[in-house]
Structure formats: structure tokens, C-alpha cells
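**Q** Residue numbers (this note's numbering), protein chains in the order written: chain A, 24 to 205; chain B, 1122 to 1536; chain C, 165 to 613.
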Amino acid sequence: MDRALKARLESRFGDDLRGPVRQRHDQTEIRIGPGAVTQVLASLHDEPSFRFEFLADLAGVDTGEVMQVVYHLWSDTTPDWLRVIADGLSRDDPRVPSVTFLWKGAEWMEREAYDMFGITFEGNRDLRRIYMPPDYTSFPLRKDFFLPDDAARSPGAGVRPMERTHAPRNAPATATVRRSGA
Amino acid sequence: MTTTSHHDAPLGPGVSGSSDDPRVALDRDLGVFEPVPPYPPRTEREAEFYTLADGQLLINMGPQHPSTHGVLRVVLKLDGERVVDLDPVLGYLHRGVEKLCENADYHHVISQVDPLEYVSSLFNEWAPVMAFEQLLDVQVPRRAEYIRVLSGELNRIASHSLFLGWMALDLGGLTPILWSFIERDEIVELLASLTGQRMLFNYFRIGGVNGDLNHDFMSRLGDWMGRATEQIDAGMSLLNENEIFVRRMRDLGTIDTAQALRMCFSGPNLRATGVPFDVRRAHPYSVYPELDFDIPTRAEGDSLARYLLRMDEVRQSLRIIDQCLHQMPDGPIMAKVPRLLRPRPGRAYAAVEAPRGQYATYAISDGTHQPFRMRIHDPSFIHLQAVGPLMEGHLIADTMAIMASLDPIMGGVDK
Amino acid sequence: MTVISRGWGRLTLPGKLVFTLVPLLLAVTVGLVAAIVLLGAPLVAVLTDNLPIVRFVVAVTIVLLMTIPTAFLIIYMEMKIIALMNLRIGPDRVGPFGSLLSVVHGLKVLMKEDFTPTGADATVFTWAPVVVYLASVMTLLVIPFAPGLYGQDMNIGLLYFFAISGLGVVGLLMGGWSSYNKYSLLGGLRSAAQVISYEIPLTLSVVGVILLAGTMSLNAIVENQSGWFTDWYVFQQPLGALIFFIAATAEANRTPFDLTEADSEIVAGFATEYSGMRFGFFFFAEYVNVFIMSALTVTLFFGGWNAPFPWPFETGVAIDLASLGIGLLLLVAIAPVALTLLFAAPFWIASTRLKGWHALIIGFVLANLFIVGLLGAWAYVELDWVAGILWFMLKTYVFVFIFVWMRGTLPRVRIDQLMDFAWKWLMELAFLNIFITAAAIIIVEQLRS
């Protein structure tokens, strides 16, 4: 529990924080709104007093009422993990700015959060599904996801065309290799 | 044939033709697969990747392939023999572990989480167990902590020997994998006499470990420790002094420190670029502060450095095991923890240094007997992202070498 | 006709077999006898008139047939030796020590479904394995297995060898291209690049031997190396031998140069779409290639069929068997019995546990071994082709073992490293070797005169 870190965070980000800085065991937690993500995380990354250069984890969370995106950061200026919760994303259209401009490695973690929750990360160049097939119509880790019904609605239900050995199925007209003119 | 399937009917607007793997387009005449999605590209990166310049071709590797470390599909964009770009397609081993854990008791989570990085199962259990212990404010007895460290380091050595074998196999050497399996087999038998299982150990419990050290385990461990160093050296000598092997791996997939931190690397991949970040020292947990070991670091950042670094780590692990055996305290191996756990609502994050990197769990509890959210952060997932950028300008043969040197396990990548 | 069909229907299977095969056999026998009686004499006359052609045809047939057991043997060697190097056991169920496993593999490959993938060019697809196999096997024509045991002794034998073995590239490219598969294409192109690159050091490295021997005829090269083992060309051309062996490994697509079949990268390279006997042909061709390259190394550098030391004694087993008369009958009748008793006696005397007839059995076996040993020794000394083939096979299989050893120990090189090595190192060294050899020959001649 690093009290000095709490003081520093409160003095620097006082306005952006929604709620007090919580600390428990070896973790410090701050809550911000989705709009503040870019500025807060960039400051945490760049400023010499913080230098949170290591993004340990990027997770999506569905609390039942709102969605959250939780970032875990580490810096060698403090022995604590820093948890940044981007709180208050709506459950209908959750949007949050992407942090891929700071950490390229966040790209796949954001893809996973999109795939599992439907959270759109604005600025992520590659926001497509990563675990589920690209035509999947639902977001599995949401609290309103019911597995059997959803699977029945998925186009993958029924006979799988890959197992048919005879005539090829009708592929849509867009199924060609795109070539650039260059 | 009178049976009609709905797939013969024309597809409606906005619905793409799906199958197990819709990233294929059937050439109507010949039934040949071109690994292109059957829909227009949806993201910038997809457009950039699936647009071919003159002379480029897309080739599909996997999911059945002799050497993608598990079920992984990789689409390569080639210009002759050079790989211009690479797009991994995941999800073939996705089991929905996070969702399953939300419907499992806190104790059941351990069995669910074992098969993630199945080669190093104990670390998969360690992080969730630590997170739950934080939520419950449970103090783990010192003997249990020492046993955890001892078995964990044994698992680390087993995982690294497997890495050595796979690395050599992907480069064409048939012998080192079999020799390293001898070593791994011995360690796995050791752990079987301790935990009862050879691979998915299911050994850690919330509040301690499942079984105490027994005579069989201790005597076998003593025997093995006597032989371990020379066995490891024999396995390494096949590769370290082999000119072909060294030349294949030197300057392959070089990554520098800034790039590695941007890619969120951790573990041996990060330490091979020069950053001495090890969760055991940076953010100590368990009884690591009492143990004396070094953090090997190398500065080159290429595959050879990653390989040599893991071998150095094996030696450090042997040191740690030695100290654990000497400093093992007496006492209970489990704290008093009720059968049905209902932690207070809260959040906890716990990270351990797995053989592949930082393996972490973010657990949210809502007061019920099941975790509300059980987020698993897996290092192989992060490292696999980097294969694309690292492949720039290398040849197909190097795809396998780079992937092997980053040591991903698809169970962890796909969760 | 219904009588016949009803009668036929009532027969059991053996009956049906008898009633079809016996008339067939009778017809064939009568036909053969008639042919021999009518055409036999003129046929034999024609054959004896064209004895060289007959000899050639027989030699070629034997060589072609011998490739199959050779391939089987080398496949088994590879499986077993690599297994032992890997601290495993390898094949050990089928036959003693698993030695019949490769035979079983051969049968299995025959029984697999032979298909052509859609989109593949059927003609080229079918002929590719044939071309590869023929390119390997035709080179066996010129290799001298023993004095007098060769297919054809051409005075451009070495040139013929390299020309024909280079045709294998065409087969690989055919296979890779016609498969309509990107992996095969990559594998075929890789292998073509590799084989072509290593042709140059291969051929250049033997120019030194040609200079020393003064001829390209393989038979003459082997005869030039007769005498003590120090006469072998490896001691006069160490660099040439080394370059040749490395280039031969690359030509034969063996580890460390086996990118064409790198199964951890491009599945099976050019052979990805092949199955059944077509794949079997590729497979055989590779192992026959290993044998050929070893055989050529032995022929050019290690004395061919020469023993390492000349037989020191003058032997002439001057027994005229005809002069023994009835004594020959007695010898043939009595000798085995006598030897059996002779060998059985020590066992019977020394051990109380062995009964009389146990000792006799041991004695019989030992007597047989002794007689065979004597005959073998006589054959070795008297018939120079027995000694020749023995030494040739021994030396060749030493090199086959080295090929297998390399496969078990070494990893693969990358294609650009491989090309680098051929064009930047081996070719230059081969040129250097030629210059040094030529200079040395001239200097030695000057010194002598």
C-alpha cells in the first residue's frame, strides 16, 4: 500500500477521478470516465513522476449495470500495481478510446474485450473478433448472454458445410482476393 | 439426393456465408481454398492485410500443422520466400474458461484454470489462488508457500526443457526433443508423486497446497538433483555449440527494449532485450524475498538470446529448489478455509512469474459463492501478437523459429 | 450353355479355382513348350550373337530390382539408428528387431488410394515421381560394384552420372508445379534452387579426381586406387572429398539441407499432395539417392571395391576336384559327420548338463558355420568379385550411416544460408582445389623429369 502514490494521483488527476483512490493489499485503484482514458493513461505513461510504462492487463468487465474497462499498470517508482477503471460505459453502446497509441500490445487485449463484451475501442486499427467466428452475433461474457438460445441463432448451427464432400456451396460474390492496383 | 440444407439457399443480404472457418472463399470451379474472408474487410488492418500487391500470395498455415504450438491458424502474406505480413487466427482452442469460472465455486476454479498453459499448470493455479486469498484475507502458512515455490520451480524447469526440445524440432533437429523429454518425464514423475497428477496438477488450494511432501517425492528429488545439472548440460550441448543452430537463431526476430515494452512483453522475452523485469523481484509474492537468486538478462533480443536466457533461468531454478529444500519450515500446509467460500465484495489482482511471462488474474467478487468476474491474463496471448511485426523481411522457415522462440502455448492464447 | 452355368453355380470356391486355373496353366505350359521348341534355337543364337546387349539388359534389370531392397534396408537403418540416437528403441515388433518394418511400409504404400487432386495437371502429376525415380536409378548403371560387376563402363561415366542425376530437378519441379498447391510450389522451387546451386560445387570438386586419374571412367578411377589404402584419392584430394560430400548431402536433399521436405515448415514440400505409390516413388528415390551418393563417394575417393590392403599371400587352391574320383563322394559324405562330431566333442565332454544329442545339434550348427566360412574365405580369395562387392558394400554403408547420423543430429539450414554457402564458399573452394591439384600435378611431373 503506497500512500505516497495515492497522494500523487489525487493531486494530479483530482478532477478526472470518480470517487476516492482505493488501496487494498498491494493494489491502488482509481476510477475515471471513458472520455478521460486517453489523457490519463498518456500522462501515467509519459510523466517522469509516474512512468507507468508496463501495461500488465486490459480487461473488460460487465457489472450488470454498466460496463468497465480495467487497466493494470506497473511502474518501478512504486511497489503497487495501479488499477485504472474506466467506469460508466453504457451497456448498449460501450465506447472507449483505444490505448494502442501507447502500447501496441493492447491491440489484441482490446480485440478480446470487444469480442467478449462488445466494447468498441475507438482508434484500434483491428477491432474484429478474435476468439469467436467473425459472423458470431453475440458477446459471450456479457451478463445477459444465454448460451443455448444464442447458439441456435448462430449461422454455424446445423450441418457444417466443411464436412460436406460434394458440391461447393454458393459463395457470395465478394469472395475474391482483393488486389491493389499498384 | 433430396435433402436440402439451408446452405444451398441463396444467402440473405448482410449475412456472410459461415462455416467452421469463414475466412475461406471457395473457388467455384475447383473447390480450392484461398484464405480470404468471404466478406469485405471490416477493419483497417484487415484491408491492409488482405490486399495483395503484385507478386504476393497468401498462404495458410494450420490449424493442422506439424509445428504451430497447438491449434493455430496463421495466414502468411508472401513475396516469394519472404514473409511480408502475418495474420494469426485464434479461437480453435477457446473453451470459455472465464465464463465457466463465473459459474463455478471458488474452489472449482482451480480445475478449470489448469489446462490454460498446460505445460506449466501450477502457475495457472497460483495466480487465481493468490487473488482469492487476497479477497478472503487468508494467510497462507509458510510451509505451504515453500512447497508452492518448490513445485513451481520444478514446473518451470520442465517447461523450459520442453521449450528447448520444441525449438530444436522446429529447426529440424530430431534428437534434442527426445532428450529433453527424458528430463521432463523425470520431473513430471516427481510432481506426480507429490501431487498425484503428471500434467494438470490441481494441487494448489485456496489457503495452501493439497498434500505434504512425502518420502517418495523427497528421495526422488534428491536423486534427480544430483543428476540434473549434467542432464541439462548434455541437452544444451547438442545445440549451443552447433553452428547451424546458432546461425539460424542469431539475429532472428530481434526486438529492442522500447518495442518490447510497447508490445507488453514480459518474462524471458522481455528479459532477453535487457530489461530485468521479473515479477518475483519487481513485485515479490510468496517467499521469494527470502530466497537468493539472480535475474538473468541478455541484451541482444534475438532468438538465440531468448533461448540462452531460458537455459540460464533453469540453473537459477535449481538454486531456488536447493534453497527451498534447506530452508523448508515445519508447520501446516493449509490455512483454515471454509468449504463454501463467500468473500466480501471486492477486487483483487495477482500476478506470478510463469515460465512464459507474467501470468495474472483479476478477480471480482460480489459476495456470492461464485466469482463475479475471473479475468485471466496470459503471457502467450501477448507474445503471439508480436510474431507479425517481428516477421518483417524474414523467410517462411523463420516463422516457425520465431514463434518457437517466443514460446507460446495455444491453450493459454485461446483460453 | 445353361448346363455349364448351372454346373458352375454349384461349384464351391476351390472347385471354381481348379476349373479356371488348371486349364489356364495347361494352355500356358503348352504354349511355352511350343515356343521353346520352335523358336528356342534361333533365340539362343540371337542372344549369343549379341552378348553385350544381353549382358546389359540383365545387368540393368538386376540393378533396377536391387534398388528396392536397398531402399528398404536404408529406410530401416534410418529408423533404427535415429531412434537409438534419440535414446528410443525404434522398430522392434515386425520381424527380428523390426527389420521387416520397411517391407511392410512398402506394401502399405502400395495399398493406399491413389488420387489426383482437383486442379492438378494429371499427366505431369503422374509422371513427376517416375522422372525422379528414374533419374536416381539410372545413375546406378555406371557404378562399379566389383571388378567386372558394372552396368556399363563408359569412358565418360562420371559425366553421364552428373547429367542424369541432374534430371531429378525436373521431376521435383514437375511435382511441385502440377500439384495446384502453394506449399508444393514453394517446396518444388526451393528444391530446384537448392539442387541447381549445389550441382556446381559437386561437379567441380571431382575435377581434381579426373585430373589425377586422367579419365572419367569410374571403373578406371577405381582401378587407379588399387593397392594400399593410402592410394585412395581421399588422401590426395581431401578438400575435394569434403566439398563433394557436402554437396552430395545437398543433392540428396538430406539433413542439414532437407528444406524441401522440411516437415515442420511446409508439411511435405513438393510431395504434399502425393499419396500411395506415387509418394512411395519419391520416398524410394530419396533413399536410392542416398545410396548412390555414398556409392559415388566411395568410388571416387575411397577406393571403390578395393580392399584397404592388398592380399599378401599368393593363393592358389590347387585342388583338382576331378582327380579325387570316388574320394570326392566319401569326402562329401564323411566330412560333415566328422566335423559335427569334432565340434560336438568339447561340449559333450566339458558339460555334464548337456545331453549327447544337444551337443550333436550344437556341433551340427557349428560345422555348418565352419563349412560356410571356409567356402566364403575361398570365394573371397579366389573370386575377386566377392571380395570387391564385400568391400564396396561395407564402405558404402559406412557413408550411408554417416548420412543417417547427420539426420539424427543436425538441424536444418535456411534457404538463404544454404544458397550463400553454395555460391560464396563451396564453389570458390572447389575452384581452389582444381588449381592446387593442377599445379601439384605439373610440379610433380617437373620434379620427376
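A virtual CB, placed ideally from N, CA and C, is assigned to each residue, including glycine.
Given the structure is predicted, the values throughout are model-derived calculations rather than measurements.
For the region 1240 to 1265 of chain B, which residues have a beta carbon sitting closer than 7 Å to at least one beta carbon of chain A?
**A** Listed in sequence order: Gln1255.
**Q** For Asn597(C), which option in Val371(C), Met165(C) and Val301(C) has the closest C-alpha, if you only look at C-alpha atoms?
**A** Taking the third sequence and counting its residues from 1, the one referred to as residue 597(C) is at position 433. When each option's Cα is compared against that of Asn597(C), the closest is Val371(C).
**Q** CA-CA distance, Glu1244(B) and Glu437(C)?
**A** Within the second sequence, residue 1244(B) is the residue found at index 123, counting from 1. Within the third sequence, residue 437(C) is the residue found at index 273, counting from 1. Note on identity: in this sequence residue 1244(B) is Phe, with Glu being the wrong assignment. Their backbone Cα atoms lie some 42 Å apart in a straight line.
**Q** Considering just the uninterrupted stretch of the beta strand (DSSP E) at Gly111(A), what are its terminal residues?
**A** Here residue 111(A) refers to the residue found at position 88 when the first sequence is read from its first residue. Counting along the chain, the beta strand (DSSP E) containing Gly111(A) begins and ends at Trp104 to Leu112.
**Q** Cβ of Ala284(C) within 8 Å of Cβ of Gly335(C)?
**A** What you label residue 284(C) is simply residue 120 of the third sequence in a count that begins at 1. What you label residue 335(C) is simply residue 171 of the third sequence in a count that begins at 1. Their beta carbons are not under 8 Å apart, which means Ala284(C) does not touch Gly335(C) by this criterion.
**Q** Just to confirm the assignment, what range does the beta strand (DSSP E) spanning Pro120(A) have?
**A** Numbered from its first residue, the first sequence carries residue 120(A) at position 97. Residues Arg118 to Pro120.
**Q** Looking at the C-beta of Lys127(A), does it have a partner C-beta in chain B at a distance below 8 Å?
**A** For the purposes of this step, residue 127(A) is identified with residue 104 of the first sequence, where counting begins at 1. By this cut-off, Lys127(A) is an interface position.
**Q** Residues of chain C with a CB under 7 Å from the CB of Thr1296(B): which are they?
**A** Taking the second sequence and counting its residues from 1, one reaches residue 1296(B) at position 175. Those are Met249, Asn250, Gly572 and Thr573, listed as they occur along chain C.
**Q** Strictly under 8 Å for the Cβ-Cβ distance: is Glu1351(B) near chain A by that measure?
**A** In the second sequence, residue 1351(B) corresponds to position 230, counting from 1. It does not: the Cβ of Glu1351(B) has no partner Cβ on chain A nearer than 8 Å.
**Q** Whole angstroms are fine: how far does the CA of Glu1165(B) sit from the CA of Tyr94(A)?
**A** The count along the first sequence starts at 1 and reaches residue 94(A) at position 71. The count along the second sequence starts at 1 and reaches residue 1165(B) at position 44. Approximately 25 Å, taken between the alpha carbons.
**Q** Please list the partners that Ile1503(B) has in chain A, where partner means a Cβ-to-Cβ separation under 8 Å.
**A** Residue 1503(B) sits at position 382 when you count from the first residue of the second sequence. What Ile1503(B) touches in chain A: Gly128, Trp131 and Met132.
**Q** Hey, would you say Asn470(C) sits closer than 8 Å to Gln358(C), going by beta carbons?
**A** Within the third sequence, the letter at position 306 stands for residue 470(C). Within the third sequence, the letter at position 194 stands for residue 358(C). Result no, Cβ atoms of Asn470(C) and Gln358(C) do not sit closer than 8 Å.
**Q** Looking at the C-beta of Leu593(C), does it have a partner C-beta in chain B at a distance below 8 Å?
**A** Here residue 593(C) is taken as the residue at index 429 of the third sequence, counted from 1. No, its Cβ sits nowhere closer than 8 Å to a Cβ of chain B.
**Q** DSSP three-state label for Lys1198(B), please.
**A** For this step, residue 1198(B) is matched to residue 77 along the second sequence. DSSP places Lys1198(B) in strand when its eight states are reduced to three.
**Q** If contacts are defined as beta-carbon pairs under 8 Å, then Gly1217(B) and Gly1532(B) qualify, I think. What distance do you get, rounded to the angstrom?
**A** Translated into positions along the second sequence, residue 1217(B) becomes position 96. Translated into positions along the second sequence, residue 1532(B) becomes position 411. Actually they are not in contact, since the Cβ atoms of Gly1217(B) and Gly1532(B) sit about 13 Å apart, beyond 8 Å.
**Q** From the beta carbon of Met1370(B), is the nearest beta carbon of chain A less than 8 Å away?
**A** Sequence index remark: in the second sequence, residue 1370(B) carries index 249 (1-based). Not an interface residue.
**Q** Run through DSSP, which three-state label would Glu145(A) get?
**A** Here residue 145(A) is taken as the residue at index 122 of the first sequence, counted from 1. If DSSP states are grouped into helix, strand and coil, Glu145(A) belongs with the strands.
**Q** Given that Arg576(C) touches chain B, what residues does it touch there, using C-beta distances under 7 Å?
**A** Counting from 1 along the third sequence, the entry for residue 576(C) is found at position 412. Near Arg576(C) (Cβ distances below 7 Å), the residues of chain B are Leu1292 and Gly1293.
**Q** Expressed to the nearest angstrom, what Euclidean distance is found between the alpha-carbon atoms of Met380(C) and Ile374(C)?
**A** Counting from one through the third sequence, the residue named residue 380(C) turns up at place 216. Counting from one through the third sequence, the residue named residue 374(C) turns up at place 210. Going by the C-alpha atoms only, they are around 6 Å apart.
**Q** Pop quiz: Thr573(C) and Thr1296(B) are said to be a contact at Cβ under 8 Å. What is the actual Cβ separation, rounded to whole angstroms?
**A** For the purposes of this step, residue 573(C) is taken as the residue at position 409 of the third sequence. For the purposes of this step, residue 1296(B) is taken as the residue at position 175 of the second sequence. Correct: roughly 6 Å between the Cβ atoms.
**Q** Cβ closer than 7 Å: which chain B residues qualify as neighbours of Asp580(C)?
**A** Counting from one through the third sequence, the residue named residue 580(C) turns up at place 416. Correct list: Leu1516.
**Q** What is the rounded straight-line gap between the Cα of Ala136(A) and the Cα of Ile239(C)?
**A** The count along the first sequence starts at 1 and reaches residue 136(A) at position 113. The count along the third sequence starts at 1 and reaches residue 239(C) at position 75. Answer to the nearest angstrom: the Cα atoms are 52 Å apart.
**Q** Under 7 Å, CB to CB, which of the residues in the region 139 to 162 of chain A have a partner in chain B?
**A** Answer in chain order: Arg148, Asp149, Leu150, Arg151, Ile153, Tyr154, Met155, Pro156, Pro157 and Asp158.
**Q** Could you tell me the boundaries of the beta strand (DSSP E) in which Ile1497(B) lies?
**A** In the second sequence, residue 1497(B) corresponds to position 376, counting from 1. Unbroken beta strand (DSSP E) run through Ile1497(B): Pro1492 to His1498.
**Q** Since Pro178(C) meets chain B, which of its residues come closer than 9 Å, beta carbon to beta carbon?
**A** Along the third sequence, read from residue 1 onward, the residue named residue 178(C) stands at position 14. Chain B residues near Pro178(C): none, gap ~43 Å exceeds 9 Å.
**Q** Out of Arg1326(B), Ala1525(B) and Arg1305(B), point me to the one whose CA is closest to Met1320(B)'s CA.
**A** Position 199 of the second sequence, counted from the start, is the residue given in the question as residue 1320(B). Of Arg1326(B), Ala1525(B) and Arg1305(B), the residue nearest in Cα terms is Arg1305(B).
**Q** With H, G and I counted as helix, E and B as strand and the rest as coil, what does DSSP make of Ser1387(B)?
**A** Taking the second sequence and counting its residues from 1, one reaches residue 1387(B) at position 266. If DSSP states are grouped into helix, strand and coil, Ser1387(B) belongs with coil.
**Q** Can you tell me whether Thr287(C) is buried or exposed? The criterion is at least 16 other CB atoms within 10 Å of its CB, across all chains shown.
**A** Taking the first residue of the third sequence as position 1, residue 287(C) is located at position 123. Exposed, since its Cβ has fewer than 16 Cβ neighbours within 10 Å.
**Q** Return the CA-CA distance between Asp110(A) and Val84(A), expressed in angstroms with no decimal places.
**A** Translated into positions along the first sequence, residue 110(A) becomes position 87. Translated into positions along the first sequence, residue 84(A) becomes position 61. Roughly 9 Å between the two C-alpha positions.
**Q** Using only CA atoms, which one of Cys1222(B), Leu1214(B) and Ser1301(B) lies nearest to Leu1360(B)?
**A** As a working note, residue 1360(B) is residue 239 in the second sequence. That would be Ser1301(B), whose Cα lies nearest to the Cα of Leu1360(B).
**Q** If you measure from the beta carbon of Asp1354(B) to each beta carbon in chain A, is any gap under 8 Å?
**A** Taking the first residue of the second sequence as position 1, residue 1354(B) is located at position 233. No, no contact with chain A.
**Q** Is there a C-beta anywhere in chain C that falls below 8 Å from the one on Leu1425(B)?
**A** By one-based count along the second sequence, residue 1425(B) stands at place 304. No, no contact with chain C.
**Q** Report the CB separation of Gly433(C) from Thr419(C) in whole angstroms; it is logged as a contact under 8 Å.
**A** The residue you call residue 433(C) lines up with position 269 of the third sequence. The residue you call residue 419(C) lines up with position 255 of the third sequence. Not confirmed; about 14 Å, so no contact.
**Q** Using the Cα positions of Gly340(C) and Ala414(C), report the straight-line distance between them to the nearest angstrom.
**A** Within the third sequence, numbered from 1, the residue matching residue 340(C) stands at position 176. Within the third sequence, numbered from 1, the residue matching residue 414(C) stands at position 250. Going by the C-alpha atoms only, they are around 18 Å apart.
**Q** Return the CA-CA distance between Met1449(B) and Ile1268(B), expressed in angstroms with no decimal places.
**A** Reading the second sequence from its first residue, position 328 is the one you call residue 1449(B). Reading the second sequence from its first residue, position 147 is the one you call residue 1268(B). Answer to the nearest angstrom: the Cα atoms are 8 Å apart.
**Q** Compute the distance between the beta-carbons of Ile307(C) and Tyr314(C), then report whether it is under 8 Å.
**A** For the purposes of this step, residue 307(C) is identified with residue 143 of the third sequence, where counting begins at 1. For the purposes of this step, residue 314(C) is identified with residue 150 of the third sequence, where counting begins at 1. Cβ distance < 8 Å, so Ile307(C) and Tyr314(C) count as in contact.
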